[in-house]
Each structure stands twice: as structure tokens, then as C-alpha cells.
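**Student:** Going left to right, the sequence shown walks through residues 0 to 120 as numbering that gives the first Met the number 0 numbers them. We put the beta carbon where it would ideally sit given N, CA and C, even for glycine. Quick one: structure below, then a few questions.
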Amino acid sequence: MAASTMDIQALVRRAQQQDGQAFGELYALYARKVYSYLYYHLKGRSQEAEDLTADVFVKVFEKIGSYEFRGAPFSAWLFRIAHNHLVDHVRSRPRQPLVPLEAIAELPETASLQELDRRLT
């Protein structure tokens with residue numbers, strides 16, 4: 000059953016007062032949605048999505064005291080944290096060089112690993 004806006008606001012207020020049960024309820028309401036968002040944007044890398052979901056909720060726990068109701072739903076604030084964390088994560092990964100398919104197609108089937116490496120870099 001979906002929680003009403005009033006219920007969510009009450010949970011947030013309680014969580015802001017260090018009520019662990021209220022934070023747990025917020026986690027139960029939103030963890031799957033955050034995970035799905037991250038999983039989609041990480042192209043199905045489930046372990047990364049799980050790790051980032053945990054990181055997001057740690058950040059939410061640390062910052063919930065600074066959250067203010069300003070007309071936007073709590074979920075907008077939560078997903079902004081998730082999005083920013085995702086962007087930071089993607090930027091921190093080393094870039095993979097792009098190799099044109101033609102370069103691979105031109106290699107003989109018996110090419111050595113050294114030759115493959117030389118052509119790809």
C-alpha cells in the first residue's frame with residue numbers, strides 16, 4: 000500500500016529526530032525504487048546497484064536533518080541524492096577506450112594477443 004504524502008512527511012520528521020524505526024520505514028518504502036533506478040542506469044550491473052543503493056541511504060541518513068519540505072515530495076530529494084551519487088560513481092570509473100568494429104574485423108583469426116593489444120591501444 001502506498002503511503003500518503005502526510006504519512007511520508009510524518010516519517011521524515013520522525014527520522015529527522017533520530018527515530019530509527021521511521022528511517023527504516025522510509026528505507027522500506029524507497030529502497031527498491033532507488034535500486035531499480037540505479038540498476039537501469041548501470042545497465043543491469045546488480046552488484047553495483049546494490050552497493051550504490053546502500054551508499055545513497057547512508058547519505059540520506061546523514062543529511063535527512065537538513066531536508067526541508069518546500070513543495071516538492073521527499074522522493075524528489077531522495078532521487079536527487081541517488082542521481083548525484085550515480086553521476087559521481089560513473090565519473091570515477093576509468094574510461095574504456097572505444098575500438099571501432101572495423102579494427103577488430105581486420106585482424107586475422109590467428110592474431111596473437113600482443114598484436115590485438117597493440118592494435119587496440
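Between the beta-carbon of H84 and the beta-carbon of D54, is there less than 8 Å?
**Tutor:** yes
**Student:** Would you please state the rounded distance, in angstroms, between the beta carbons of F68 and Q8? I believe it to be under 8 Å.
**Tutor:** 6 Å
**Student:** If we call anything under 8 Å between Cβ atoms a contact, is T52 one with A30?
**Tutor:** yes
**Student:** Could you have a look at K42 and say whether DSSP puts it in helix, strand or coil?
**Tutor:** In the structure shown, the three-state DSSP call for K42 is coil.
**Student:** Do you know offhand how far T4's Cα is from S74's?
**Tutor:** Distance between T4 and S74, taken at the CA atoms: about 10 Å.
**Student:** By the three-class DSSP mapping on this structure, what secondary structure does R69 have?
**Tutor:** Three-state DSSP puts R69 in coil, outside helix and strand.
**Student:** Helix, strand or coil for A2, going by three-state DSSP, please let me know.
**Tutor:** coil
**Student:** Using a Cβ-Cβ cutoff of less than 6 Å, which residues in the same chain neighbour R13 once the five nearest sequence positions on both sides are dropped?
**Tutor:** A21
**Student:** Which value, in whole angstroms, describes the spacing of the CA atoms of W76 and Q113?
**Tutor:** The C-alpha of W76 lies about 50 Å from the C-alpha of Q113.
**Student:** Taking the alpha-carbon of R90 as reference, which of R79, L41, K62, K58 has the nearest alpha-carbon?
**Tutor:** Ranking the options by Cα distance to R90, first place goes to L41.
**Student:** Give me, in chain order, the residues of the same chain whose beta-carbon lies closer than 8 Å to that of V33; leave out the 5 immediate sequence neighbours on both sides.
**Tutor:** T52, V55, F56, L77, F78, A81
**Student:** Give the DSSP-derived three-state secondary structure of R16 in the structure shown.
**Tutor:** The sequence given here places Gln at residue 16; Arg does not occur at that position. In the structure shown, Q16 sits in coil (DSSP, three-state: anything other than H, G, I, E or B).
**Student:** Return the chain-ordered list of same chain residues with a C-beta closer than 7 Å to the C-beta of H88, the five sequence neighbours on each side being excluded.
**Tutor:** L51
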